[in-house]
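Visitor: Residue numbering for the sequence shown follows the working numbering, beginning at 1250 and increasing consecutively. Using N, Cα and C, we set each Cβ at its ideal position, and we do this for glycine too. On a predicted model such as this, the values are computed, not experimentally measured, just so you know. Structure incoming, see below.
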Amino acid sequence: MNHEAPMWEFMETGIHFNLANVLMMTIASLIVFIIAVTATRKLAMKPTGMQNFIEWVMDFVKNIINSNMDWRTGGQFLMLGMTLILYVFVSNMLGLPFSVVIGGELWWKSPTSDPAITLALAVMVLGLTHYYGIRMRGMKNYAKTYVQPMGFLFPLKIIEELANTLTLGLRLYGNIYAGELLLTLLAGLGTSSAFGAIGAAIPMLAWEGFSVFVGSIQAFIFTMLTMVYLSHKVSDDH
């Protein structure tokens, strides 16, 4: 994992872009788009194949929403939840089979193994919670939540918002980065010698399976926490 990132400066403005991040985010988005199109292209009353899978995802996200708020309030967030869980899951999986290093630069990896991406997702999610909170409750009622039940809690509420953003992004990054780092170390051991290959084979397979489990759980946690934060902003009983 100790490789340089392929950076590109935009028109000598001092603004730099990580081309590997751009590439992997685009690939993850295309995969999710292809899954959605394939699953809904030929809908049938008795779902099979990809339609069955996407309906399972829909039911799964519905249960997440219903566990945090009533459906009348939370139903509008179904597509957001489905997009998040699919995108985060696919992003978590991309770097597991292999990584691609060209000229000492790491081009293929899980995009969620970069804190810039996970924190950007967290900021987007928290931004949406504020937007929907103001839209659904009104600015006055929404602002009151920062001084209830007592006004002196306002600074703590601000700190809580910052902490939620950091923990949401860093939790995802830490789990995925740690998994890929260990896989890289095992791969290095496996290519060091014949004995290393024998010794690393079983641990690598076991860790690959465990990483799939961790990536799935992290996609679920990210989506669940998104709905938790949304419910706190849009529901009157929080």
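Would you mind working out which of 1304, 1283 and 1378 sits nearest residue 1292, comparing C-alpha positions?
Guide: That would be 1304, whose Cα lies nearest to the Cα of residue 1292.
Visitor: Quick check on the DSSP output: the beta strand (DSSP E) that includes residue 1267 runs from which residue to which?
Guide: 1265 to 1267 is the extent of the beta strand (DSSP E) around residue 1267.
Visitor: How would you write the range of the alpha helix (DSSP H) that residue 1328 sits in, first residue to last?
Guide: Residues 1327 to 1343.
Visitor: What number of angstroms, rounded off, separates the C-alpha of residue 1402 from the C-alpha of residue 1396?
Guide: Spanning the two alpha carbons is a distance of roughly 6 Å.
Visitor: Enumerate, from N- to C-terminal direction, the unbroken alpha helix (DSSP H) stretches of 4 or more residues contained entirely within the stretch 1420 to 1486.
Guide: As far as the stretch 1420 to 1486 is concerned, its whole alpha helix (DSSP H) runs of at least 4 residues are 1443 to 1483.
Visitor: Between residue 1366 and residue 1472, is the Cβ-Cβ spacing less than 8 Å?
Guide: Against a cut-off of 8 Å, the Cβ pair of residue 1472 and residue 1366 comes out as no contact.
Visitor: For residue 1379 and residue 1409, what's the separation of their Cα atoms in angstroms?
Guide: C-alpha separation (whole angstroms): 13 Å.
Visitor: Pair every Cβ in the stretch 1352 to 1364 with every Cβ in the stretch 1265 to 1279, then say whether three or more of these pairs are closer than 8 Å.
Guide: Yes, they touch.
Visitor: Helix, strand or coil for residue 1261? Go by DSSP, reduced to three states.
Guide: Three-state result, residue 1261: coil.
Visitor: Determine the direct distance from the alpha carbon of residue 1406 to that of residue 1454, and round the result to whole angstroms.
Guide: When rounded, the distance between both Cα atoms is 44 Å.
Visitor: Residue range of the alpha helix (DSSP H) that residue 1375 falls in?
Guide: That run of the alpha helix (DSSP H) goes 1364 to 1386.
Visitor: Does the Cβ of residue 1425 have 16 or more other Cβ atoms within 10 Å, making it buried, or fewer, making it exposed?
Guide: Under this definition residue 1425 is a buried residue.
Visitor: If you check the beta carbons only, do residue 1477 and residue 1317 fall under 8 Å apart?
Guide: Their beta carbons are under 8 Å apart, which means residue 1477 touches residue 1317 by this criterion.
Visitor: Pairs of beta-carbons, one from the stretch 1257 to 1267 and one from the stretch 1343 to 1354, closer than 8 Å: are there three or more?
Guide: The stretch 1257 to 1267 vs the stretch 1343 to 1354: no contact.
Visitor: Taking DSSP's pairing of strands, which residues face residue 1272 in a bridge?
Guide: DSSP output for residue 1272 lists no bridge partner at all.
Visitor: Among all the DSSP beta bridges, which residues are the ones paired with residue 1306?
Guide: According to DSSP, residue 1306 bridges with nothing at all.
Visitor: If we call anything under 8 Å between Cβ atoms a contact, is residue 1460 one with residue 1338?
Guide: The answer is no: Cβ separation not under 8 Å.
Visitor: Between the alpha carbons of residue 1336 and residue 1342, how many angstroms are there, rounded?
Guide: Cα to Cα, residue 1336 sits roughly 10 Å from residue 1342.
Visitor: If we count the other Cβ atoms within 10 Å of its Cβ and call it buried at 16 or more, is residue 1264 buried or exposed?
Guide: That one is exposed.
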